[in-house]
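A quick write-up on the structure given underneath.
Residue numbers (the numbering used here): 16 to 76.
Below is the structure:
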């Protein structure tokens with residue numbers, strides 16, 4: 016049972032890290048409270064419509 020759970024978790028992680036399965040859409044650019052320049056994207060999995068969210072990238076200065 017433990018080996019099966021471990022294998023299932025490893026497969027989930029591999030699937031989560033399959034970035035080619037995600038479609039990204041640029042949402043907005045903003046400056047956060049620390050003064051960093053940030054870009055926000057929304058993403059959705061092509062194979063699993065329930066897997067979606069936002070991704071924010073910030074650069075100093």
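Glycine is no exception: its CB is placed at the ideal position from the N, C-alpha and C atoms.
Quick caveat: nothing in here was measured; it's all calculated off a predicted structure.
With distances taken from CA atoms, which of the options is nearest residue i?
i: residue 36; options: 50, 67, 51; result: 67
i: residue 48; options: 19, 18, 75; result: 75
i: residue 56; options: 19, 65, 25, 40; result: 40
i: residue 60; options: 30, 26, 23, 19; result: 30
i: residue 52; options: 38, 18, 65, 71; result: 71
i: residue 69; options: 18, 54, 17; result: 54
i: residue 73; options: 25, 17, 43; result: 43
Would DSSP call residue i helix, strand or coil?
i: residue 21; result: helix
i: residue 61; result: coil
Quick one: what's residue i bridged to in DSSP?
i: residue 74; result: 52
i: residue 45; result: 53
i: residue 37; result: 60
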